[in-house]
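Our numbering runs 1034 ahead of the 1-based position in the sequence shown.
Cβ atoms here follow ideal geometry from the backbone N, Cα and C, with glycine treated the same way.
To keep things clear, I will list the structure first and then write my remarks on it.
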Amino acid sequence: MTTMTDTHSLVTGGRAPLPPRRRKIRAGSVGRAIGIALIVLAFLGPILWMVLASFKYNVQIYDASKAFIFEPTLDNYDTVFDPRRGNYLVYIWNSFFVAFMATALSMVLALPAAYAMSRFLMNKSAMAVLLARIIPGVSLLVPWYFIFAQLKMTGGYLPLILSHMFVSLPLILYIMMSFFDQLPEELEESAQVDGLTAIGAFFRITLPLSVPGIATATILSFIFSWNNFMFALVLSGNSTKTLPVAIFDFIGYASIDWGALMAASVVVTTPIMLIALFTQRYIVSGLTAGATKG
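Here it is as structure tokens:
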């Protein structure tokens, strides 16, 4: 005589059914994988389209049937680096020089300032820096342009560097303040007992322990300066034009050279993507290390 249990075993092939909880866990894992795949596609899709379009003719870019299967060409990159259209090597140097100088000067000023605000609880100064961080940069473009024009400094490197420092300096200050807050003061006091001065303890004890924060602040500040478009558009000149502004050369009144525009965009984004790829562990560790105080 066949029982109900035997019948159920025959239907399921002799295997016991999954418990409801395990089914929920498996369904949750599948849903999470689908969600991650959609997010990755949303972020990487435009980048993939940009890279593929940089190897296409303009006619192929408009043709949906040639989205992935097409005959690649390097003409767009030849156009980008054509000296008659503009010297992109100079634009790359301008972007690097402005980003490097703005980041370096901001670090020189922000590190001791962040240490002082952290150790001496300078809340009012911290609020002033936060206010500078909140103010939109576009609201200062007209006053900056007027001041630099009166000083006959527009079109030079100095206005670009100073305008970038307006954002980089508060960013570095707040990142480093969180790092200095988590470092115990007993380490510095012990160093001073051993004969170091307060400045010596800062340079020989505090700064080496804050390397993850310094790396994070440096990378984020450099990325901001490299990608900045608004300040460079107003304050730069023909000889100091940066890469984001140089991309505008491929946008005309009647037409847009999409192939060259995408090739120029690849040139702009590749260095930053490589920096983010090889330094992501420093960025993650730096942003999370300052979240707790201990």
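Per-residue DSSP class, three states only, for residue i
i	result
residue 1207	helix
residue 1069	helix
residue 1381	Since the displayed the chain opens at 1035 and closes at 1328, residue 1381 lies outside it and no answer follows.
residue 1189	strand
residue 1103	coil
residue 1308	helix
residue 1169	coil
residue 1313	helix
C-alpha distance - residue i paired with residue j, whole-angstrom precision
i	j	result
residue 1280	residue 1291	13 Å
residue 1187	residue 1103	50 Å
residue 1192	residue 1171	17 Å
residue 1216	residue 1248	14 Å
residue 1226	residue 1218	14 Å
residue 1310	residue 1303	11 Å
residue 1244	residue 1109	47 Å
residue 1260	residue 1305	9 Å
Own chain, CB closer than 6 Å to residue i, minus 5 neighbours either side, in chain order
i	result
residue 1175	1268
residue 1043	Only weak support exists for where residue 1043 lies, its pLDDT of 48 falling under 50; the value from the coordinates is given anyway. No residues qualify anywhere along the chain.
residue 1167	1204
residue 1106	1089
Neighbourhood of residue i by C-beta distance below 7 Å, restricted to the same chain and skipping five residues each side
i	result
residue 1276	1125, 1128, 1129, 1132, 1266 and 1270
residue 1064	none
Limits of the alpha helix (DSSP H) - the one that residue i falls within
i	result
residue 1155	Premise fails: residue 1155 is in no alpha helix (DSSP H) and is neither H nor E.
residue 1110	1109-1114
residue 1182	1175-1184
residue 1092	1092-1096
Same chain, Cβ closer than 8 Å to residue i, five either side skipped, listed in chain order
i	result
residue 1141	1206, 1248, 1251, 1252 and 1255
> Considering only residues of the region 1224-1280, which uninterrupted beta strand (DSSP E) runs meet the minimum length of 3 residues and lie entirely inside it, listed in chain order?
Replying inline: none
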